[in-house]
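Student: Protein sequences appear in the order of chains B and E. Once you know that position 377 of the first sequence is 377 in our numbering, the rest is easy, because the numbers rise by one and skip nothing. Once you know that position 111 of the second sequence is 1111 in our numbering, the rest is easy, because the numbers rise by one and skip nothing. Sharing a structure with you now.
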Amino acid sequence: MTLGPLTRTLLNDRGSQILMVSVLAMTVLIPLCNLAFPEGSALHVSTYMVTLLGKYLCYALLALAVDLIWGYCGILSLGHGAFFALGGYAMGMYLMRQIGDRGVYGDPVLPDFMVFLNWQELPWFWYGFDNFAFAALMIMLVPGVLAFLFGWLAFRSRVTGVYLSIITQALTYALLLAFFRNDMGFGGNNGLTDFKDILGFNIQADGTRAVLFVLSGVALMAGFLICKAIVQSKLGRVLIAVRDSESRTRFLGYRVEHFKLFVFVVSAVLAGIAGALYVPQVGIINPGEFSPVNSIEIIIWVAVGGRGTLYGAVVGALVVNFAKTYFTGAFPELWLFLLGGLFVISTLYLPKGLVGIIGQVRNRLAARSATAQTLKTSE
Amino acid sequence: MRFTREAQWPLLTLLLTLFLMLGLSGPARAAGDLESALSELAKANFTRKSQLVDEIARLEDPRVSPVLTAFLDGALYQHKSSRAFVAFSGQDKGVNLLSGESIEGLKKRDFRKVAINNALRGKLRGIMAELQLRNPSLETRRTAAREMLKSQDAATLPLLKRAREKETDGDVRDLLAISIAQLNALHGEDDEIRIAAIRQLDGVLYPEVRVVLNKVAASVSAAEAKTGTVEAAAHEALKQIEGLISLNKTAENLYFGISLGSVLLLSAVGLAITFGVMGVINMAHGEMMMLGAYTTFVIQQAFPNAIDVSLFFAIPAAFLVAGGVGVLIERGIIRHLYGRPLETLLATFGISLVLQQAVRTIFSPLNQSVSTPSWMSGTLEINGALALTYNRLYIILFSLCVLAGLILLLKKTLFGLQMRAVTQNRRMASSMGIRTGWVDALTFGLGSGIAGVAGVALSQLTNVGPNLGQAYIIDSFMVVVFGGVGNLMGTFIGAMSLGIANKFLEPFAGAVLAKILILVFIILYIQKYPRGMFALKGRSAGD
């Protein structure tokens, strides 16, 4: 089988295999259940559910991007939401241009909010976004270039640890403030919304939603394989060395900043793609996505799932977001208590996250049987 | 007989003169005579009324001012049968002007209005202004004199001159002199008087003066005005005033900048301690400020009659509440996470979420109103263009006191000595018998307590709500990182320079853009100085 070499090289651990199979199954089965079975059937999955799960898959891809830099290179970015949101805005701009003259004001070129602000012509940075290929390029290029510039400056001057975390937070905060401004030309407070269609397909239709879901699943799997390939390569070993002792790696002759920069940019591009897939499914992108709290929440997905495993990040993103959807609906008062408690508990008691629990239990059992063994032999 | 006839004339003249003096322009009536003057006023014709108004104004009687105000407003009525005078303040309500009691249930048809015409109104207005300028209360005189700056009516000139001669207070005299100069500049008889008046207005910063000078200068543009003319003098004075105003604007910006800086200092200094001494990033720091602000709120709710002194109780209370919570957090959670700064960051962020939600559940998600003590409201007027608000002034002083107190604590007490020892070399300090665990707990408590105190100050500036902390936490981090960790002087300079830079950028970049520029600046600054302005050197600087 063609999967043979894949399992031998990339998916060489049980966790990754289980994750890949589950995501694959989800990607195939859920749209199938949504489209093939009629409403009311026991196997039917509602479009709302498909959209919700699609959103989670985008979050999972984002968490994966964060785990790649935090879990494997020790870069705790408190501003990764910024790359996610930039990718989302690039997609949103394409979708805005697709509305054409169907907006409230019916202007063939200008989006509604620009007509509202009395703008006469399209700002230069909106040119080209009516072309999907250009938009797709920008989805990767904008977060990538920003990450490159930011990382090049920061890593070269050896800004590390807490300082780096705080300036990444400053980055996303600055972008938050900037995108809130109406003069920026990104819809200000309201952001971009009221999308009509994507590549000619109605964005509200069940079929489009299913396709977007499949794309999110595929992107997640592809992202996972890419990350896995990176961390298992020789380059990945250097990254882990940087995480564990940056100065020692530098003294061994590695250009630490180049490795960090590479992985930071890859991570930002993945985050941008996640954002681009997220926007057509939720139907809106606004500056709130830049808020520093959102970025910290991503960190908690990774921490809860288990950092430094990649599949743990995906598990964490899915679990925490399921819990969030459930609790904010059922007990809105309790959600922040629970989320806060989760932060504290996972840092105190689950240093390896949820996926680490199995290992911890297994180790304890092994230790117990080992002591039993020693006791037996000593008798 | 001839003698008697001749002698009769002077006697008659004398009597006549006396009568005339008493009746027409005689000396002030006695205090009780307000009543008789009013009775006459009700019946007299307009010529006589004008004279009577003058007489009433000269009476040394506190009731004069309300009587004339009512007359001016057309609210002065006389009861048809009882002859009492009433000032109506509504359809059926009024005040008996002579006894001072308020009456209700009046019927207008029982009254006769004391009629007034426009000439009399104009005269009354002048008289009222003069009355206020002669008021025994200095505050009233000052307000009236300030109000008179608006007058551009040449008719008020004699009145102003009289008032100025009688005035005893220097400030009010100056104000009146400005008014007189304004009127002379506008309506002076010849150019010499006008130019002299304009010279007098040079460097006076009241906005009214600029209005007058602009009016004088308006006919000729600055370039065309010939030297020596009134217009040229006005342009010159205007130019000087503009220069002074921009200087004052700078001073005002500086004041706002320092006040923003001191708020930043208050909120960042606690963070600098926990970060500097323990290497702990306390994301719940903002929530400690929130706790301090809510403590103020609770104290004000508990003693609603003692708002003026509430802050003096709120400061120690907020310190204890926030500090106590800080010690609990340190002993319960952070203690287990030393050496893992990034994990501490996450755990404390979790705590901040819990605290926010706790406040939402206990109080409400809405903002609470915290009152400002009377001694903190109001402004300190330096000159016509520069006024400093007292609450900001007190917060600047307060933040400096907090900083000084902290420096003393660190440099002069045993606890401070132990804290510095732990900062510099934890293991060595421990070997010397310092209980580093307790020092950590108390340090964290101190940092949190100061955040609580900062919260008391913030409650006087912004809304007290569950999100109060979040608004300040990022700024505080920027200050600490910019100033350099573990250095109070760095925090002080960092806070002040960021505050001032922000306020100076605001006028031409807008508030939001100014903030963005500052953030970008800090991001770039950290590239150059990855450890901030005042980096620790040597062993303790190691990662």
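Note that CB positions come from ideal geometry on N, CA and C, so glycine has one too.
In chain order, what residues of the same chain lie with their CB nearer than 8 Å to the CB of E:Gln-1240, ignoring the 5 residues before and after it?
Tutor: For the purposes of this step, residue 1240 of chain E is identified with residue 240 of the second sequence, where counting begins at 1. These residues qualify, in order along the chain: Asp-1202, Gly-1203.
Student: Just curious, the beta strand (DSSP E) that E:Phe-1085 is in, first and last residue?
Tutor: Position 85 of the second sequence holds residue 1085 of chain E. 1085 to 1088 is the extent of the beta strand (DSSP E) around E:Phe-1085.
Student: Work out the CA separation of B:Leu-252 and B:Phe-327 for me, nearest whole Å.
Tutor: Taking the first sequence and counting its residues from 1, one reaches residue 327 of chain B at position 327. Taking the first sequence and counting its residues from 1, one reaches residue 252 of chain B at position 252. Roughly 49 Å separates the two Cα atoms.
Student: CA-CA distance, E:Glu-1060 and E:Gly-1261?
Tutor: If you number the second sequence from 1, residue 1060 of chain E lands on position 60. If you number the second sequence from 1, residue 1261 of chain E lands on position 261. The alpha-carbon atoms of E:Glu-1060 and E:Gly-1261 are separated by roughly 53 Å.
Student: In chain E, what lies closer than 9 Å to B:Ser-157 by C-beta?
Tutor: Locating residue 157 of chain B in the first sequence gives position 157, counting from the first residue. What B:Ser-157 touches in chain E: Ile-1526, Gln-1527, Lys-1528, Tyr-1529, Pro-1530.
Student: Roughly how many angstroms lie between the CA atoms of E:Ala-1042 and E:Asp-1073, to the nearest whole one?
Tutor: Numbered from its first residue, the second sequence carries residue 1042 of chain E at position 42. Numbered from its first residue, the second sequence carries residue 1073 of chain E at position 73. Those two C-alpha atoms are separated by around 15 Å.
Student: Looking at E:Val-954: is its Cβ nearer than 8 Å to the Cβ of E:Ala-1268?
Tutor: Residue 954 of chain E lies beyond the residue range present for chain E, which begins at 1001 and ends at 1543; the question has no answer from this structure.
Student: Assuming E:Ile-1522 contacts E:Phe-1482 (C-beta within less than 8 Å), just tell me the rounded distance between them.
Tutor: Within the second sequence, the letter at position 522 stands for residue 1522 of chain E. Within the second sequence, the letter at position 482 stands for residue 1482 of chain E. Their Cβ separation, rounded to whole angstroms, is 5 Å, which keeps E:Ile-1522 and E:Phe-1482 in contact under 8 Å.
Student: Given that E:His-1285 touches chain B, what residues does it touch there, using C-beta distances under 8 Å?
Tutor: As a position in the second sequence, residue 1285 of chain E is number 285, starting the count at 1. In chain B, no part has a C-beta under 8 Å from the C-beta of E:His-1285; the shortest such distance is about 13 Å.
Student: Give, in chain order, every residue of the region 1349 to 1367 of chain E whose Cβ lies closer than 7 Å to some Cβ of chain B.
Tutor: Phe-1349, Gly-1350, Ile-1351, Leu-1353, Val-1354, Gln-1356, Gln-1357, Thr-1361
Student: Within 10 angstroms of the Cβ of E:Ile-1362, are there 16 or more other Cβ atoms? Answer buried if so, exposed if not.
Tutor: The residue you call residue 1362 of chain E lines up with position 362 of the second sequence. Exposed, by the Cβ-count rule.
Student: Against chain B, with Cβ distances strictly below 8 Å, would E:Ala-1347 count as a contact?
Tutor: By 1-based counting over the second sequence, the position of residue 1347 of chain E is 347. It does: the Cβ of E:Ala-1347 has a partner Cβ on chain B nearer than 8 Å.
Student: Is B:Phe-155 helix, strand or coil by DSSP?
Tutor: Here residue 155 of chain B is taken as the residue at index 155 of the first sequence, counted from 1. Here B:Phe-155 sits in helix by DSSP.
Student: Rounded to the nearest angstrom, what separates B:Asp-49 and B:Ala-274 at their Cα positions?
Tutor: For the purposes of this step, residue 49 of chain B is taken as the residue at position 49 of the first sequence. For the purposes of this step, residue 274 of chain B is taken as the residue at position 274 of the first sequence. Position check: residue 49 of chain B holds Met in this sequence, whereas Asp was assumed. Those two C-alpha atoms are separated by around 18 Å.
Student: Suppose you measure from the CA of E:Phe-1088 to the CA of E:Asp-1110; what does that come to, to the nearest Å?
Tutor: Along the second sequence, one-based indexing puts residue 1088 of chain E at 88. Along the second sequence, one-based indexing puts residue 1110 of chain E at 110. Cα atoms of E:Phe-1088 and E:Asp-1110: separation of roughly 13 Å, rounded to the nearest angstrom.
Student: According to DSSP, simplified to helix, strand and coil, what is E:Gly-1094?
Tutor: Mapped onto the second sequence, residue 1094 of chain E falls at position 94. Strand.
Student: Rounded to a whole number of angstroms, what is the C-alpha to C-alpha distance between B:Ala-90 and B:Asp-197?
Tutor: The sequence position of residue 90 of chain B within the first sequence is 90, counting from 1. The sequence position of residue 197 of chain B within the first sequence is 197, counting from 1. Answer to the nearest angstrom: the Cα atoms are 15 Å apart.
Student: Would you say the region 39 to 56 of chain B touches the region 248 to 267 of chain B, given that touching needs at least three Cβ pairs under 8 Å?
Tutor: no
Student: Between B:Leu-78 and B:Lys-55, what straight-line distance do the alpha-carbon atoms span, to the nearest angstrom?
Tutor: Locating residue 78 of chain B in the first sequence gives position 78, counting from the first residue. Locating residue 55 of chain B in the first sequence gives position 55, counting from the first residue. If you take the alpha carbons of B:Leu-78 and B:Lys-55, they lie about 21 Å apart.
Student: Is there a C-beta anywhere in chain B that falls below 8 Å from the one on E:Phe-1477?
Tutor: Position 477 of the second sequence, counted from the first residue, corresponds to residue 1477 of chain E. True, the Cβ-Cβ gap to chain B drops below 8 Å.
Student: If you draw a straight line from the alpha carbon of E:Glu-1040 to that of E:Arg-1083, how long is it in whole angstroms?
Tutor: The count along the second sequence starts at 1 and reaches residue 1040 of chain E at position 40. The count along the second sequence starts at 1 and reaches residue 1083 of chain E at position 83. Roughly 11 Å separates the two Cα atoms.
Student: Below 8 Å CB to CB, which residues in the same chain sit around B:Ser-390 once its five sequence neighbours on both sides are set aside?
Tutor: Lying before the first or after the last residue shown, residue 390 of chain B is absent from chain B, which here runs from 1 to 379.
Student: Give the residues of chain E in contact with B:Tyr-163, contact being defined as C-beta atoms less than 9 Å apart.
Tutor: In the first sequence, the residue the question calls residue 163 of chain B occupies position 163. Here the neighbours are Val-1481, Val-1485, Ile-1526, Pro-1530, Arg-1531, Gly-1532.
Student: Helix, strand or coil: how does DSSP classify B:Val-263 here?
Tutor: Here residue 263 of chain B is taken as the residue at index 263 of the first sequence, counted from 1. The answer is helix: DSSP assigns B:Val-263 an H, G or I state.
Student: Answer yes or no: do B:Leu-310 and B:Leu-64 have a C-beta to C-beta separation smaller than 8 Å?
Tutor: Counting from one through the first sequence, the residue named residue 310 of chain B turns up at place 310. Counting from one through the first sequence, the residue named residue 64 of chain B turns up at place 64. Cβ atoms of B:Leu-310 and B:Leu-64: closer than 8 Å.
Student: Would B:Gln-169 pass as an interface residue toward chain E - the criterion being a Cβ-Cβ separation below 8 Å?
Tutor: Here residue 169 of chain B corresponds to residue number 169 of the first sequence, with the count starting at 1. So yes, B:Gln-169 belongs to the interface.
Student: For a quick check, are the C-beta atoms of E:Pro-1373 and E:Ile-1273 less than 8 Å apart?
Tutor: Position 373 of the second sequence, counting from 1, holds the residue named residue 1373 of chain E. Position 273 of the second sequence, counting from 1, holds the residue named residue 1273 of chain E. Not in contact: E:Pro-1373 and E:Ile-1273 (Cβ atoms no closer than 8 Å).
Student: Compare the beta carbon distance of E:Ala-1471 and E:Leu-1355 with 8 Å and say whether it is the shorter of the two.
Tutor: In the second sequence, counting from the first residue as 1, residue 1471 of chain E sits at position 471. In the second sequence, counting from the first residue as 1, residue 1355 of chain E sits at position 355. Not a contact, by the Cβ cut-off of 8 Å.
Student: Could you tell me the distance, in whole angstroms, from the CA atom of E:Pro-1158 to the CA atom of E:Ile-1056?
Tutor: Mapped onto the second sequence, residue 1158 of chain E falls at position 158. Mapped onto the second sequence, residue 1056 of chain E falls at position 56. Roughly 19 Å separates the two Cα atoms.
Student: Hey, is the region 1116 to 1136 of chain E in contact with the region 1098 to 1105 of chain E, meaning 3+ C-beta pairs nearer than 8 Å?
Tutor: With the rule of 3 Cβ pairs closer than 8 Å, the region 1116 to 1136 of chain E does not count as touching the region 1098 to 1105 of chain E.
Student: How many angstroms separate the CA atom of E:Glu-1242 from the CA atom of B:Leu-110?
Tutor: As a working note, residue 1242 of chain E is residue 242 in the second sequence. As a working note, residue 110 of chain B is residue 110 in the first sequence. So the two alpha carbons sit approximately 44 Å from each other.
Student: In chain order, what residues of the region 1498 to 1511 of chain E put their CB closer than 7 Å to some CB of chain B?
Tutor: none
Student: Tell me where the alpha helix (DSSP H) around B:Phe-383 begins and ends.
Tutor: This structure cannot settle anything about residue 383 of chain B, because the visible part of chain B is limited to 1 through 379.
Student: Look up B:Asn-131 in the DSSP assignment and say whether it is helix, strand or coil.
Tutor: Position 131 of the first sequence, counted from the first residue, corresponds to residue 131 of chain B. When DSSP states are grouped into helix, strand and coil, B:Asn-131 belongs to the coil group.
Student: Candidates E:Pro-1316, E:Gly-1122, E:Ser-1099, E:Ala-1429: which alpha carbon is nearest E:Val-1277's?
Tutor: Taking the first residue of the second sequence as 1, we reach residue 1277 of chain E at position 277. The residue with the shortest Cα to Cα distance from E:Val-1277 is E:Ala-1429.
Student: Which same chain residues end up closer than 7 Å to B:Ile-240 when comparing Cβ atoms and leaving out the 5 residues on each side of it in sequence?
Tutor: Numbered from its first residue, the first sequence carries residue 240 of chain B at position 240. Same-chain partners within the cutoff: Tyr-72.
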